[in-house]
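Remarks on the structure that follows.
Chains as they are written, first to last, in our numbering: chain A, 709 to 948; chain B, 76 to 384.
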């Protein structure tokens, strides 16, 4: 069924802090490791040791340079499925393989119904879906649906693999539909925003903007160390 | 967007087939007294073009054996609607063909009308698959739908005129109608390209990441060193270098050449006229393939912005 649910009981999703992300790719590799044996397994790799290695990943970390008034800033930017409320990848699906769960809002692909037409990946502005050439079906982030409800795991591990792996706590998981959940409070306090709101997808995941510092970085002071003799120090001073 | 050959063949061949069917239907409703054999031949040609196109469209699927599932989600998906309409169109068209074969001379206006309307509805659904995608700015515009319909009618008109020439049943009015449809389709495509050239990229890297609130944004490092699915499927950039020349080839082969050819042919003796109109067919086919290739290859997907493209 590719009609979207009118409302979802919960809106499970991620809040990604662009201020604290250090771009270590631990979320991406941890995602690959868990999901290679999870709900949508395998995440096929093509020519992993060849000239042009490629493969299916659910999480990709970009790095951007931003020219702020206070100077140039490097921002690491993890990109994955945003589990949109108004997911166009779901409504374009001709077979009903793509669906959004009414209970928690997670967007999933039923691999037994997918015909591999790729239209869902065309409809997604975020590049969240990656086609598995080996399996002939579309794959995407499952929000680790096989972890978050998994009673075989200790309770603290029942979060998406990317959240568990992040060494700086830049990724938070929770119910963004509940106004007083920790993630909703975080979004309110830090001015969390939607990616490409004009595309009308109503993404559930939110991004926290990098903090802007009031003071510009001072230019490095030229220190004269280990210059040897007093004569050389004097020459250095004269010539500077 | 990656121009998949199966989809280029599908949209051009089935578009021509549906255009031919729609014209046949219009001629029948207008009281055309063309010989039955000729109309059966035209119906057969339309059927072959449409069927070959539809079969080709399943070639790019990861699981062609599950293609039947695509008929289920017509309530939300234009791709599903296209499949349902394409199958539905076979019913009146086959009944019409049977009627022409079994009861020569008998009119079948309702079957003709249903065939023509469903043929146009299928082309409309095909165009909406593209026009409904907000992620591809070059496609998300009403002119895409207009162009698909005009191109189907124009490309269907030429084989229909050729058939009439072969049967010695072509009139000056037939030639004029064909030339007008070809000219309209050409003008539509020309205007589409002009507006495309005048438009700025809708989704920039700064807008996609939301980082433009801080300043100018540029991509410093991709997540991966090699091309991945997103770049192969949606980051196709090869065409843009040759786009100008390819556009001229498409305009000349698909529209200007055939339109001029059919007009000149209407002034020539029958044998030369038939030869000229027949020669215009391969030119049209080439022009359409180039036009459709550009339709995909020139279209930029929003996800390119994340890669700084």
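Every residue gets a Cβ at the ideal spot worked out from N, C-alpha and C, and that includes glycine.
{"Query": "Residue environment, residue 302 (chain B), which counts as buried when at least 16 other CB atoms sit within 10 Å", "Result": "exposed"}
{"Query": "Within 8 Å of chain B by C-beta, residues of the region 765-783 of chain A in sequence order", "Result": "765, 768, 769, 770, 771, 772, 773, 774, 775, 776, 777, 781, 782, 783"}
{"Query": "Continuous beta strand (DSSP E) stretch holding residue 881 (chain A): start and end", "Result": "879-883"}
{"Query": "Cutoff 8 Å: residue 732 (chain A) Cβ touching any chain B Cβ", "Result": "no"}
{"Query": "Pick from A:786, A:833, A:937, A:920 that is closest to residue 879 (chain A), judged by C-alpha positions", "Result": "A:786"}
{"Query": "Residues near residue 379 (chain B) in its chain [Cβ-Cβ closer than 6 Å; skip 5 each side]", "Result": "310"}
{"Query": "Rounded separation between residue 160 (chain B) and residue 894 (chain A) - CA only", "Result": "48 Å"}
{"Query": "Residue 355 (chain B) beta carbon less than 8 Å from that of residue 332 (chain B)", "Result": "yes"}
{"Query": "Contacts around residue 271 (chain B), its chain only, beta-carbon distance under 8 Å, and the 5 residues preceding and following it disregarded", "Result": "213, 373"}
{"Query": "Where residue 770 (chain A) sits in the DSSP three-state scheme", "Result": "strand"}
{"Query": "Per-residue contacts from residue 792 (chain A) into chain B (C-beta, under 7 Å)", "Result": "Simply none; closest approach about 12 Å."}
{"Query": "Beta-bridge partners of residue 846 (chain A), as assigned by DSSP", "Result": "A:839"}
{"Query": "8 Å Cβ cutoff, residue 833 (chain A) in contact with chain B", "Result": "yes"}
{"Query": "Three-pair Cβ contact test at 8 Å for the region 154-174 of chain B versus the region 118-125 of chain B", "Result": "yes"}
{"Query": "Residue interval of the beta strand (DSSP E) (run including residue 915 (chain A))", "Result": "914-916"}
{"Query": "Cβ-based contacts, 9 Å cut-off: residues of the region 296-315 of chain B near chain E", "Result": "Within the model displayed, chain E is absent; protein chains A and B are what it includes."}
{"Query": "Straight-line gap, residue 282 (chain B) to residue 904 (chain A) (C-alpha atoms, nearest Å)", "Result": "7 Å"}
{"Query": "is_contact[residue 822 (chain A), chain B] using C-beta, thresh 8 Å", "Result": "yes"}
{"Query": "N-terminal and C-terminal residue of the beta strand (DSSP E) that residue 784 (chain A) is part of", "Result": "779-788"}
{"Query": "Contact under 8 Å by Cβ, residue 194 (chain B) with residue 229 (chain B)", "Result": "no"}
{"Query": "Per DSSP, the bridge partner or partners of residue 204 (chain B)", "Result": "None; residue 204 (chain B) has no bridge partner."}
{"Query": "Of the residues A:915, A:822, A:836, A:811, the one placed nearest residue 795 (chain A), counting alpha carbons only", "Result": "A:836"}
{"Query": "For residue 822 (chain A), the nearest candidate out of A:802, A:854, A:752, A:849 (CA to CA)", "Result": "A:802"}
{"Query": "Contact with chain A by residue 372 (chain B), beta-carbon distance below 8 Å", "Result": "no"}
{"Query": "7 Å Cβ shell around residue 247 (chain B) - same chain, five flanking residues per side excluded", "Result": "341"}
{"Query": "Expected contact under 8 Å - CB spacing of residue 833 (chain A) and residue 377 (chain B) to nearest Å", "Result": "4 Å"}
{"Query": "Below-8 Å beta-carbon distance, residue 807 (chain A) vs any chain B residue", "Result": "no"}
{"Query": "The region 709-716 of chain A / the region 137-157 of chain B touching (three or more Cβ pairs under 8 Å)", "Result": "yes"}
{"Query": "Span separating the alpha-carbon of residue 235 (chain B) from that of residue 328 (chain B)", "Result": "18 Å"}
{"Query": "7 Å CB neighbourhood of residue 828 (chain A) in its chain, flanking five on each side removed", "Result": "797, 800, 801, 806, 837, 846"}
{"Query": "Cβ pair count under 8 Å reaching 3, the region 903-922 of chain A against the region 773-781 of chain A", "Result": "yes"}
{"Query": "Proximity test, Cβ basis, 8 Å: residue 897 (chain A) and chain B", "Result": "no"}
{"Query": "Cβ pair count under 8 Å reaching 3, the region 856-867 of chain A against the region 180-192 of chain B", "Result": "no"}
{"Query": "8 Å Cβ cut-off: residues of chain A touching residue 290 (chain B)", "Result": "774, 775, 776, 777, 781"}
{"Query": "Start and end residues, beta strand (DSSP E) containing residue 730 (chain A)", "Result": "Per DSSP, residue 730 (chain A) belongs to no beta strand (DSSP E) and is neither H nor E."}
{"Query": "Secondary structure of residue 263 (chain B), DSSP reduced to three states", "Result": "helix"}
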